[in-house]
Every structure is written in structure tokens, then in C-alpha cells.
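Colleague: Could you have a look at this structure, given as C-alpha cells, before my questions?
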Amino acid sequence: MSGPVLLDAQHIQKYAYDDEGRPIRGTDVLLLADASLELIAGEVHALVGENGAGKTTLIKVIAGALPYEGGSLHVAGSLRGETTISRVRSEGIAVIWQEFSLAPHLSVVENMFLGRELRRGRRLDKGEMRRQAAEAIATLGVSIDLDSTVERLSTSQQQLVEIARALNERSRILILDEPTASLSRFETERLFELLRRLRSEGLGVIFVTHRLDEVFTISDRVSILKDGRSTGTLVTRATTKDEIVERMVGRHLDAVYQRHRTTPGEVVLETRNVVPAGGGAPASITVHRGEIVGLAGLVGAGRTELARAIVGADPVESGAVLLDGMDVTGWAMRRRLDAGMAFVPENRKDQGVILPLPILRNLAITEWPRLGPGPLVVPRRERGMATALVEELSIVARTVDQPAFTLSGGNQQRVAIGKWLARDRVVYVLDEPTRGVDVSARYALYELMEAIAARGGAVLMISSDLPEIISMSDRIYVMRLGTISAEVARVDATEQSILTLMLPDTTAADVSAAVGA
Amino acid sequence: MRRLGVSSAVIAAAALVVAMVPAAAVAQDEAPVIGLSVKTITNDPFQAAWVEAATAKVEELGGTVQLLVAGGQTAVAQQSSQLEDLVTQQVDGIIVSPMDGSAVLPALQKAADAGIPVFLVDQPIAAGNEALYETLIATDNVKAGRDLATYLVTTMNDPELKVAIIEGAPGSVAGDDRLAGFNEGLASGNITPVASATGEWDNAKALAAMETILQANPDLQAVLSASDVMVDGILQALAGAGKTDVKVLAIDGSTVGIQGVLDGKIMADNTQDPMAMGSTAAEFAMGMAGGTVEPGSLEKYIDSGTVTVTLENAEEAMAKAF
Amino acid sequence: MTRLPTDRPLVRATAAAVAIVVAVLLVGQFVPYFATTTNLSKVLLEAAILSVAAFGMTLVLLTGGIDLSVGGVMSLVGVVEVSLVSSGVPWPAAVVVGLGIGLLLGTVNAVIVSRLKLPPFIATFGTLGIAAGLALYIANVIGHPVFPPDFVSLGNDAVLGIPITVMLAVAILIVLEVVTRVTTWGVHLRATGDNFAVARLSGVPVARVLGSAYVISGLLAATAGTMLAARLGTANPLQGEPYTLLAVAACVIGGVDLFGGRGHLWAAGAGAVFLFAIRNIMNLQGVQPFMQDLVIGLLIIAAVLVTVQGPALRDMASDALQRSRHRNAA
Amino acid sequence: MSTSSAPATGGSMTSPQPAATERRGRAAGTWDRISRNPTLGLLALLLVMWALAWILVPKFGSVDNIRTVLRQASDLGVAAIGILFVLLIGGIDLSVGALYGLSSVVLVTVMIQTGSLPLAIAAALGAGVLFGLLNGVLVQWVRIPAFITTLGGFYIAYALAQMISAGSMLSMPADDLFVGLQTGLLLGIPYLVILAAIVAAIAWVVLNHTTFGRSVVAVGYNRVTAGLSGVRVPRIVITCFAICSGMAALAAVMLTSRVQIGVPTLGGFNATFETITAAVVGGTSLFGGRGTVVGVIIGAIIIRTINNCIVLLNIPSQLYQAVMGLIIVVALVVDAARSRYLGERT
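Protein chains in written order, with this note's numbering: chain A, 1293 to 1809; chain B, 50 to 371; chain C, 24 to 353; chain D, 39 to 384.
What follows is the structure in C-alpha cells.
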């Protein structure tokens, strides 16, 4: 693997920046202290590091979204100074950000050519754009309605549109920021296939991820960032998870989490043939006290819909939700929460925390009604409660007054969960609680769930991470195409069996085989 | 979705309106229909008064009235639009108090083309367009202002007189004319107002303006108000500042003004007898509709006269007050 | 709901046209004099003036902004033009100057909003005050002169039964529709209003696009102001003021999304026609002015209900149904 | 609990920390903190304005004049506090100006009918609150954008005022209490100003020290998260609109007490925009979440100070609007420059 060097970032320095991306006046805070990354044509280069390690910042610098203050950045051999995003795109660099850069009400075609529309003279060349778009989509081996507005596409479809755009722009460098975070195993596989092909066509791919196993599946080399500094670039074949993890966090962690088991109590949450708003097949599940129940399935299998129906975020079309034997189906969400439900949605930044609000408020929001005489909120009690939680969850923050957006992803997630811990809740519904969370934070969250179960709480955890769901759950429900395809006891659960149950083309035979009945 | 949306919106709303409109006011019956067009009858007793008088007279003479109100200071375009609507309905006569003496010209031209006689009340139209109307029944607002100011100057007879002016809304013809009149009258006594601010035909605004003026001029002796509709606010301000000795003079001749004179709160109120304007205009309009009055036979300008009402003549003025 | 890129303008236009014809005929049954050519052409003439202002407003709304200065610009332009004419300047020259002023104020808005990144609602309200105030001041200096007849006739006369102003408005509409459809600028306009950050990241010159909308809005407002001046034959310093909200109302009734990214110029035009048709009907029926306000108010809300909120309403209905069903069940 | 059950985690978390913390931290000196506090910035702006006026504007600097300015700012301030609630949840209310007229005529009509001032005031406030509830329901449940709902609402309220008053001014039956409201002084401070201050104080407590107030801000920043955290979003939104209109009604009562007559056209669109301007000049964001009671009050005082100076300086009335507009733009630019300078995220 010795293609030409497409990109060479050496000792990049980047200070804390303002709206314009300029260093905040008088700041001495380095987001990137000494970050280096070299990308060769025809390689997939993994970039790993804990949240807040500076991965995204580095990518933004490479993408030209941010200027850099120190070090050097050579693209195709020439040093890059001041630049603009559009210029960078013409350099053949395409970035697929975590939150997609598509305009919801524009069509697929318009989005694919946004900012670099094809023209014939002064006029848009709609025919040609359509043709190229269709072609690019086709090469991905999928079918997407080119005229559909993007808001109507699924997450993975939107991602594919972005990749198609990159291909169409003949990009030489493709940067993906945690592309698999919101993809199902199935879709991830398809994505990797694609990346392998692009690699063979001589593209350079930078692949940011939290999932180490993915590093080994897809990457040729892996660069590790820690607190804004490069802690090495390794040839993937020649290294191990442990080595990488060590360079990320500077200490050793067991690859798989071992949880101490507890014996479940009586049923506390039950759904009877619930059909969530928007349809799907009736789903019936039960969760016991002291039990962690996993809900596996591909994205779009209906897991989130079921979860939202359980907590009352959306109405159900039919069926009943029972909490402690009470039928709460007709209850508004607030009433269910008061009755002891807790919900941590999958989209942390948009639904889990309120970014501009202080940690204090984010943690206390569920407790305000109980923090003072009548309608009042006694600041002292609110602060005390929040401070205690920050302690308990070891949330990393200077003060409880700093806005949530100043926290790393993992810490934000702890806040999102923490607001439900001031009081013991009966049922915790967690949707992808560890997505985009770094290793150590992930473990802390596991311990949280255990602690909840240990004191008799019930946890329903949605996760696309099979090792995680298997190691954490007492029982696993697998969803496929909007139905509960199977219930698997932990003892029978293997990545293979669960995966089989998840995949759309599984037959009844496979199921019985997988469940081992 | 939106496509259907627009259409259905159009139809739905159209139906809604049709449903809510009163049984066609302008049925094609024999009784002559006189169209009335006025800026506003809201919060403006003067306009309300002549409209009322005209309506009464028309109905007394067996006609029906089609009243269209533009609805406020800024509705200049709306008034000419409404005049055209009256022409469209082929009314037998139009009595109008133009908000803008020039802006109505195209509309009045259409009326003339349609052979509909037009009678102007209170406000003139731009000079040189006498062909467009039968007669103008009005008082000269400049004169009204001048008379009032002159009365003040002569009675007070103090070369150092401290006078403030509360103007009408900027941009309104009547307001500008009365202001001009005030200044002319004061100039006749070599007096320049110590302050001049707009009350925008609005008591609250007049109040605020007056309060502030009193701050700058604690020794103020008199206030000239462009209209009775701002007098309440002005008096409140004076009372609030304990300056009840300040002389207040206003134009209109509304009950507010005249009663103020009787109560001694107002020194003088220049009345223009809008009711006379309204009924006279109505009489001519009905006459011409009935053929008893020859088109073109009327004086182009009929001055309905202004009276400066003081304690002496307040009693009889009260009878005519509106 | 709508798919902007691929909508079939003809289908939509015809649909709206049909709807309007139906409405006219329907109303004509109940309202005497409404369905007469003179009356309809008068309605169109008034709508034409508003629609030109509304086109500018639409472009701004597409970017997710709003331009409250429209009315002030209309007043000021008229006053400036009439003052120039009264001081001996030939009217075409005066008009050019007027349009220049519109362009200037539009640019001011553009700079404040796109460069200084201030909220358009309050920023354009500021320029509204400035324009309206200057109009009053100038008018107070020059009095109330009138325009020469040939200019006035342009604002009122019709050729082959179609008012000249209407032709002008339609011409402007066609140009804008074509330009927004065939140029990158059209896409960029919607992209900017749809998702500013994304548009920026995609290399759309957002600042310039944003600014362009306000500049054009200013120019169109000036055009509308000139048309209004020509119709009235003079320039009252207040005559433009109602048009800010009327323009917003026209857009809203035309289903333009106040949050940006979605909307159609022709629909705003239709909204304008609709608005003045209703007014005209109410005038013909002698509806009291405050009743007229009431109806306009209800209409604005109703229009949004049908055009924008239709689907949302259906969702709600079903939601409510679900909940009630469960309550009964429980 | 997690720490107790797993000290390992506690330890593990700390290692990357110092760096992390320091990275996100920012040296915040006292001056920095002061200059960074928008409310203090506003206060400074106001004082500078007053100082300048004191020097440049004849007769501005008298206690009595300041008192006048404050009295004139009192009703605007109350209305602005009301609209603050709506702006905080990311809404807007254009109907405020029309509610002035509506409440004014309702007040006087009921007064004439019943002769009872408390009843009349209750009716006026009730009318406002009712109207606000209507706005809120349309916005929250029927999902009509607030801008539209309240634009339509303006016309409707305006029309209702005309209908009730038959389009004419209604003279207020003499009532010592009501007259006293506008003339009365306590320790040299006008009752109206005291009333406004009390309202402000209550609003401040509600916004800063109650579940409701905290929820309002939460909803303003992110209603989805707030909802999923158990905040009753619909209730909050509707209440905010009700408060806004209720406050507008109270402002109308205050203003009516000053003119002592019921005016259907009291307020109007200018009042609406004046109110919004006061809020925005007071540092309120039109995008929700950001805004303070104190700031809004200062905004109102600033506006009235400008009005006051315009009259004191005998500036031609035609130029009022122009000056106002200019000041708004300047104020915005200054604020923008300030936050740019401080590198605040907007």
C-alpha cells in the first residue's frame, strides 16, 4: 500500500474558536495541540479517539470548515492556507458529517448538486444533473427517488445521497464522521462494501469511528487522537484492540463488559399487541423488575417507534401499554413519567439535552415540580440535587452552570440519563444510550444500568451494538420489519443468532434454529 | 397538496364571504342611492357628524345611502378604490371627503365619465379640477386655525405669550392646514410657538406630547390643539402637572370641545358645523338625482362658515355641537 | 407537502386559475356589479400593484426572512418621484431615481441582515421607520403636487381591456418565475431558507443570496410604489404603509412558508388578487370597515389552515381519535 | 450510585479530564463577566443615553422629567414584559397593539354598565387573557404559525373594539380611584410606575424561580427535549400567549387611566411594534430562550427616553418615525458588534 500521498496534516494546532472559526480573543485553549494525519491513495484510514479528543475538529480543519493556527496541511502536495469550503470541495475532498448536510425540502438531485450546480450557459442543466444523479445512486446499488424531498428519506438513504454526491464530484478524499453511528449492522455492511470498492478505485478514505471492531473490519491504518494530540498511527493488521484503546485512554480496559447478574422480580412493564402510530405489527413484550431487556433490530425495524409508544411520546394505533398492571395507554406522556417511567431518546443533541441550558437546568428539568413549595423552585435545592448527580455520574464539568453544549458527547449523554436518576423510576426506556459515546463513558453507562436493575428498576435498552446488547441484557427481543421476530434468553444469544433474527430475509427455519427451540 | 390548498382556500373563503355579506345593500330599486366616502368615522366625531347628518337627510328625502369608510390615516389608496366601487355600482350621487385632494382625482374622473355628480365635503381637491365636482361645501381649515390663533393672540395681548401646538397626524391635509393656520395667526402677533409636536389625532399620544412639552416649558400659557379629539389627553396632562391655568384652544366644535368651553376648561373652540355640511351636500345630491337641481348650477365653493365659540356663544353652539 | 424542484407550474397555475374563475362566477351570482369587466379589471389593477410588492416579499420569505420596510419604501419612492416631477424633471427620469432609492434601501436591509446578521424582522422594521419618516418629511416640504397625465394614464388605462399595470406585473412574474427556476440562484435562495448551515457548508454563497433577496425586494417595492403613485396620480406620504402587511397577507394566503424554503411567486400573486377581490366584494356589499378587518383577519388564518396546515390538521384529528378511543377503552 | 458500585469508573474518568476541562474552560475575569452580562450592558447604555441627554437636551435633566419618562414607560414596559413570555418560547404576538383598544373599550363599557371599577378592570383583563388563550390554542393545537395567528388576531381584536364602541370614543365615568391611578404619587413615584415595578418583580420571580418560568425557557430553547423530559409544552405555550395578552390588557388599563376615556383605536400596529422593539432593544432574542425582565424594562425606558428627547428638541414631527427607525438599527448594530467582540455564539 504505497500510493501517492493525498493529504498530509502535520502538527496541526487549533485554538478554541468563535462563530467565524477564528480563535476567541485571548484564549489559550487548544482544541488541537499537535494533531497529525497522513492519507495515502487507496487506503481506508481510521481515526479514533474519545469524545472531545479533537477528531471532529481535525476533520473540520481538513475540510476547510475551520482555519488552523499551527502546523502544516498539504493537500496533493501543495500547502493549504486560507480557503473556503467550496474551494476544498473542488480540491476533491468530500466530508460526510454526522449530522447530514442536506436541505430537507430540496430534492435529492438539488441536494446532490447544491453549491456546484451544472449549467448550460447561464441556465441550470437539469437534464444532465438528473442523469448524473441517477448514475451515482445506481453505482451505490440502491434505488432512491431522485425527486423526493430529502426529509422523506431514511437516515441511511440520506447518507447514501451524500456519498453519491461525493462520488459524483469525483472526490479523491472521502471523509466519514462516524458514518455507522446511525446505521444498522446490515446497512453498515453495505457501506463497508462500498468503501472497499472506492479504496480499490484509488480513493483515500478517512473513517472516524467509536467502534473498534469496525476499525479492524475496514481500515488499513488507524490514527489515534487523545486530548488534541496524535498518539500514533498504526498499521491495523499489526495492532490489537487493547493497543488502540490504551493509546486512546492511556489505560487498559477489558474488551467486553462483564456484568453481575441479578434475579428479576415481577412484571412491571407490559405491552399488549401495541401498534405504534404509523403502523407496524402488534408488539407484545414484558419487562420485569431488576431486569435489563434488550431490544435489537435494524434501524427502521420499529424499535424507536415502540419505545416512544411505551412512554407516550406518540399515540398508539391499537393495543395497550401496562405499567405495574395499570393500563396507561390513554395517559399523556407527563402522566406516565410521573407514574415512574423514564425515557432517554436516541438523538441526544436534539432530544436528550437542551444544549444552551446549564447542566444544572438540564438535570433538574424533571424534578422542578418537586423542588420547592408550590410552583416555586428553590435554587439551593435544585443546585444541591444537580451537584450530587454530577458527582454520582462523574460528569466532567467545571461548574454545573456551564451550558450543556460545552460538554463532550459522553458527558451530555450522562446528563440526558442523569435527569431521570434524581428519583428512582420504575421503568427506564433507553434508546441507543451509548451511541457516539467513548469507551470509558460507555462503561460508566453500563454500570448505571446495572445499578438501576440492582435496586429493582427495569431497563428496556435499544441498541444496534450486538456485543453490547448481548453482554448487557437478561433477555433480548429482536424486531424485524416492525414486528417482534423473537425473544431470546441471554444464554442462547450470540451475535450470529441475533443478527439472523434481525435480517429481513430470515426464514422461520432460521428463527427456530437461532432461538434453539 | 399546496396546489389543491390554494384553490380550495379561494373557493372556501369566497363562499364564506358570500355567506356573510348582508342582503345586497344596493338593490336596483327606484329609490336613488347616494354613495358616501369618508376616511373614518371611528374616533373622529367630526367625520362621523357630517356622515350622520347626510345619511339622515338622504333617508328623509326617500333615498338610500351606500357608506364606504376607508378606515384610517393611511388608507389613501383604499379610498380611491372605494370611490371606484361606488362608480361601479352606478350610484346616483357621491358625497366624499377626500383624504388626499390629489389621490382621488383619477377616481373622480371615472365618476365624471360615468356621469355621476360628486359633492365634496370638508376637504377640497387639487385646484384646476373644478370640472370633476358639482360643489365643495367646506370650511377653510387654514382660516379656522388662523382665526383661533388670532383670537388667542388678541385676547391675551401678550407679546411674550408662551404657546404650544399639538398637531394632527403628520401627512394629513386637514392637520397640516390647521397647523399652517395656527402659525399664521400667531405670526400676526409676532409670536412663535415654544413647542410644536404631533398628537396624531390620538388622546394617548397627545397626552404624552403635552406632558413632555410641559417639562420643557413649565411657564406655558396656552395650547392650540388641531382637533377636539386630542383635547381630553391635553387636559389630562395639564391636570396631571397641576397647570390648570393654561389656556386650551381647539378646532372642531364637537360636544367635547363645546362642553369644555362651558365648563371653562377650554378657552375657545373653533366650530365648523359638519352637520350643516353633511345635510346640505345630501340635499343637493338628492335634488340632482331627482332632477330638481340642475347639474352645474351650484356654486363651486360653499363656505359653511366657522365660528369661534367662547363662553358668550357656547350655549347656542352646544345645540349644533356633535 | 410540495416538491419545489419538480412541481409542474402549469398544472398548479391552471388549477389556481380554474379555482379563481369558479370563485368569480360563484360570487357574481350573489354580488351585483362584481362580475363586470370594468370591476374585475379594477380588482386586477389593484392586485397587480400589491402582487409586485408581494413577489419581493416572497423571495425574502423563501430565505426565511421578512421585509417589513416594503410599505415605507413604496411611500418614499412615490413622494420622491412626485417631488422631482414637480420640480421639472421628466417623469421617466424621476422613476429611475425612485427605483434607485428602492435599490438603495434594499441594499441597506441586505447589509444589515446578511452581513451584520441581525434579525430581519426588527432590522427591516427599523428601515421601515426611516423610509416612512423621510416620506413624511419630504411631502411636508413639497406639499401635494400631481403627476403629468400621461404618467397617470399608465397607472390607470387598459389596453385591450387589460390594465397596463397588470401587464407589467405579469411580465415581472414571468421573469422572476423563469429566473428562479432555471438559475442556480433560485435553488440557492430556497436552500438558504431551508437550511442555512447546510447551504453554507455546500458552498452556497449564503450572504450574497440572502442579500440579493432584500435588494430585489427593495427594487420591487419601489416598482410597486411607482405603480401606486401612477394609479393615484400623486404621492401621499402614507399611501404605501398598508402594503407591508397586505404583502405578507398575500404571501400567506398564497401558501408561502414563513419559515423559509417553500413557496411560489405565482401563488403570492394569486393571494394578492384574492385579497383585493374580497375587499371589492365587501365594498360592493357596503360591509362596514371593521367587519372588513374581521374578515381579512379570519381569511389569513383560514388560508393558512387550508394551504399549510391541512396535513397537520389531519394528523391531529387522527391523534385525537386515537386518544379518545383509548379513553373509552380504558 | 455508579461511583459507589464502580470506583474504577470514577478513576477512569478523571484521567483525560484536566485537559478536557481546561480546554472547555475560559478565563473569566470580573470585567469580562460584567461586560459579558447583557443586562448590565443595557443599563450602561441607558445611563450613557441619560447622561448625554442631560448635557445636550435642555430641560431633560429634571427629576420631574425623568418621572414623566418613567410614567410614560410604565404601560409600554408592562406590555413588553408580556410579549417577553411569548418571545421566550420562540413565538411572536402581533395582536398586542389591537388589544390596547379592545381592553380599553371593554373597561369603559363595563364601567358605564355596572359602575364598578374592579369589575370593569377584571373584564378588561379577562378579555385580554381570553384572547390570548385563543391565540395560544390556534398556535399550539391547530399549529398555525404564531405570526399568522396573531396577525389575523390583530384585525379581529381591532374589529371587536370598533363593534363594542360603535366606533366612537367612550368617556370614562369619573372614579376617584381610577383618576388617582394616573395622578397619584408614592414617595414621589407615580402609582403607574410602582404598578409596573410590581408587575416586573412578579414576572421576574415567575421566570427565574418557578417551575413554569424554567419550563418556558426550556421550551424556548428546545421544545422536543422539554416535552420528552415531562414539561407540558402545550400548557406552557398557551399560558405564555395568555400572559402576553393579559399584560397587554393591563397596559391598556394603565393607558386608559391616563387619558380617562375608552379609545377603540388605542395602540394599533405601532404599539405592537413598539412593544416588540422594547423587548428586542432589551436584549430579547426573537428565536426563543434568551431574554430578561430587567432588560425588557430598560428597553421600554430607552424608547420612551428617545420619544421624550424628540419632543424636547422640537424635532419636526414628520421625522419621529425616521429617528425611531434609525435608533433601532443603531441599537441592533451596537449589540451585534458587542456580541461579536465578546465572541458570543449567536
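For each residue, glycine too, the CB sits at the ideal point set by N, CA and C.
With a threshold of 6 Å on Cβ separation, who are the neighbours of glycine 341(D) within its own chain once the five nearest residues in sequence on each side are excluded?
Modeller: It is worth fixing the name first, because residue 341(D) is isoleucine in this sequence and not glycine. Same-chain partners within the cutoff: Ala316.
Colleague: Quick one: any contact between the segment 188 to 197 of chain D and the segment 136 to 143 of chain D, if contact means 3 or more CB pairs under 8 Å?
Modeller: Enough Cβ pairs lie closer than 8 Å, so yes.
Colleague: Whole angstroms is fine: what's the gap from threonine 1472(A)'s alpha carbon to valine 1566(A)'s?
Modeller: Rounded to whole angstroms, threonine 1472(A) to valine 1566(A) spans 29 Å at the Cα level.
Colleague: Could you tell me which residues DSSP puts in a beta bridge with methionine 1633(A)?
Modeller: For methionine 1633(A), which the question treats as bridged, DSSP gives the partners Val1719(A).
Colleague: Assign alanine 220(C) to one of two classes, buried (16 or more other C-beta atoms within 10 Å of its C-beta) or exposed (fewer than that).
Modeller: With fewer than 16 Cβ atoms within 10 Å of its Cβ, alanine 220(C) is classed as exposed.
Colleague: I'd like to know whether the C-beta atoms of arginine 1482(A) and methionine 1404(A) end up nearer to each other than 8 Å.
Modeller: Contact: no.
Colleague: For lysine 1852(A), count neighbouring Cβ atoms within 10 angstroms of its own Cβ and tell me buried if that reaches 16, exposed if not.
Modeller: Given a span of 1293 to 1809 for chain A in the structure shown, any question on residue 1852(A) remains unanswerable.
Colleague: Along chain C, which residues have their Cβ under 9 Å away from the Cβ of leucine 145(D)?
Modeller: Near leucine 145(D) there are no residues of chain C at all, since even the closest Cβ is about 19 Å away, more than 9 Å.
Colleague: For threonine 123(B), is the classification buried or exposed, using 16 other Cβ atoms within 10 angstroms of its Cβ as the cut-off for buried?
Modeller: Buried is the call here.
Colleague: Should threonine 1528(A) and valine 1507(A) be called a contact, given that it needs their Cβ atoms to be closer than 8 Å?
Modeller: Closer than 8 Å, so yes.
Colleague: Answer yes or no: do proline 1667(A) and threonine 152(D) have a C-beta to C-beta separation smaller than 8 Å?
Modeller: In this structure, threonine 152(D) does not lie closer than 8 Å to proline 1667(A) by Cβ.
Colleague: How would you label leucine 224(C), buried or exposed, when you count the other beta carbons within 10 angstroms and need 16 or more for buried?
Modeller: Classification for leucine 224(C): buried.
Colleague: Buried or exposed for aspartate 294(B), going by 16 or more other Cβ atoms inside 10 Å?
Modeller: Label assigned to aspartate 294(B): exposed.
Colleague: In its own chain, which residues sit with a C-beta less than 7 Å from the C-beta of valine 100(B), not counting the 5 before and 5 after it?
Modeller: For valine 100(B), where only same-chain residues beyond five positions count, the Cβ hits under 7 Å are Leu85, Val87, Ile90, Leu116, Gly327.
Colleague: Measuring straight from C-alpha to C-alpha, what distance separates alanine 58(B) and leucine 49(C)?
Modeller: Caution is warranted here: a pLDDT of 49 is assigned to alanine 58(B), below 50, making its placement in the model unreliable, and no coordinate value can be reported.
Colleague: List, in order along the chain, the chain E residues whose C-beta lies closer than 7 Å to that of valine 100(B)?
Modeller: Absent from the structure: chain E. Protein chains present are A, B, C and D.
Colleague: Tell me the DSSP secondary structure of leucine 1587(A) in three-state form.
Modeller: Note: leucine 1587(A) maps to strand in three-state DSSP.
Colleague: Relative to the C-alpha of valine 169(C), which residue among Pro186(C), Pro113(C), Val96(C), Leu199(C) is closest?
Modeller: Ranking the options by Cα distance to valine 169(C), first place goes to Pro113(C).
Colleague: Using a Cβ cut-off of 7 Å, pull out every chain D residue sitting near threonine 1658(A), in sequence order please.
Modeller: Result: Ser267, Gly268.
Colleague: Identify the contact partners of proline 272(D) in chain C, using a Cβ-Cβ distance below 9 Å as the criterion.
Modeller: Result: empty, since nearest Cβ-Cβ is about 12 Å, beyond 9 Å.
Colleague: What are the complete alpha helix (DSSP H) segments, minimum 4 residues, inside the segment 242 to 289 of chain B?
Modeller: 252 to 265, 280 to 289, all fully within the segment 242 to 289 of chain B.
Colleague: State yes or no: is the beta carbon of threonine 104(B) nearer than 8 Å to at least one beta carbon in chain D?
Modeller: Chain D, which has no Cβ nearer than 8 Å to the Cβ of threonine 104(B), makes this no.
Colleague: Do you know how far the Cα of glutamate 1638(A) is from the Cα of arginine 1727(A)?
Modeller: Roughly 8 Å between the two C-alpha positions.
Colleague: What whole-angstrom Cβ distance do leucine 1416(A) and threonine 215(C) have, given they're in contact under 8 Å?
Modeller: So it is not a contact: roughly 16 Å between Cβ atoms.
Colleague: Between serine 240(C) and methionine 80(C), is the Cβ-Cβ spacing less than 8 Å?
Modeller: Closer than 8 Å, so yes.
Colleague: For chain C, find out if any of its Cβ atoms is closer than 8 Å to the Cβ of valine 334(D); answer yes or no.
Modeller: With 8 Å as the cut-off, valine 334(D) does not count as an interface residue toward chain C.
Colleague: Does arginine 204(C) come within less than 8 Å of chain B when only Cβ atoms are used?
Modeller: Output row for arginine 204(C): interface = no.
Colleague: According to a CB-to-CB cut-off of less than 9 Å, which residues of the segment 221 to 232 of chain C neighbour chain A?
Modeller: Residues Val221, Ala222, Arg223, Leu224, Ser225, Gly226, Val227, Pro228.
Colleague: Quick check: is the beta carbon of phenylalanine 297(C) nearer than 8 Å to any beta carbon in chain D?
Modeller: Answer no: the Cβ-Cβ gap between phenylalanine 297(C) and chain D never drops below 8 Å.
Colleague: Using beta carbons (cut-off 8 Å, strictly below), is isoleucine 165(C) in contact with chain D?
Modeller: Chain D, which has no Cβ nearer than 8 Å to the Cβ of isoleucine 165(C), makes this no.
Colleague: Can you list the residues of chain D that isoleucine 90(B) reaches, using a CB-CB cut of under 9 Å?
Modeller: Residues of chain D passing the Cβ test: Gly205, Ser206.
Colleague: So for threonine 357(B), helix, strand or coil by DSSP?
Modeller: Looking at threonine 357(B) - three-state DSSP - the assignment turns out to be strand.
Colleague: Measuring CA to CA, which of Gly150(B), Ala213(B), Ile186(B) is closest to methionine 324(B)?
Modeller: It is Ile186(B).
Colleague: Using a Cβ-Cβ distance under 8 Å, would serine 130(B) count as near chain C?
Modeller: It does: the Cβ of serine 130(B) has a partner Cβ on chain C nearer than 8 Å.
Colleague: Using the three-state DSSP reduction, which class does arginine 1564(A) fall into: helix, strand or coil?
Modeller: Here arginine 1564(A) sits in strand by DSSP.
Colleague: Does the count of Cβ pairs from the segment 266 to 276 of chain D and the segment 211 to 230 of chain B closer than 8 Å reach three?
Modeller: Verdict: no, contact absent.
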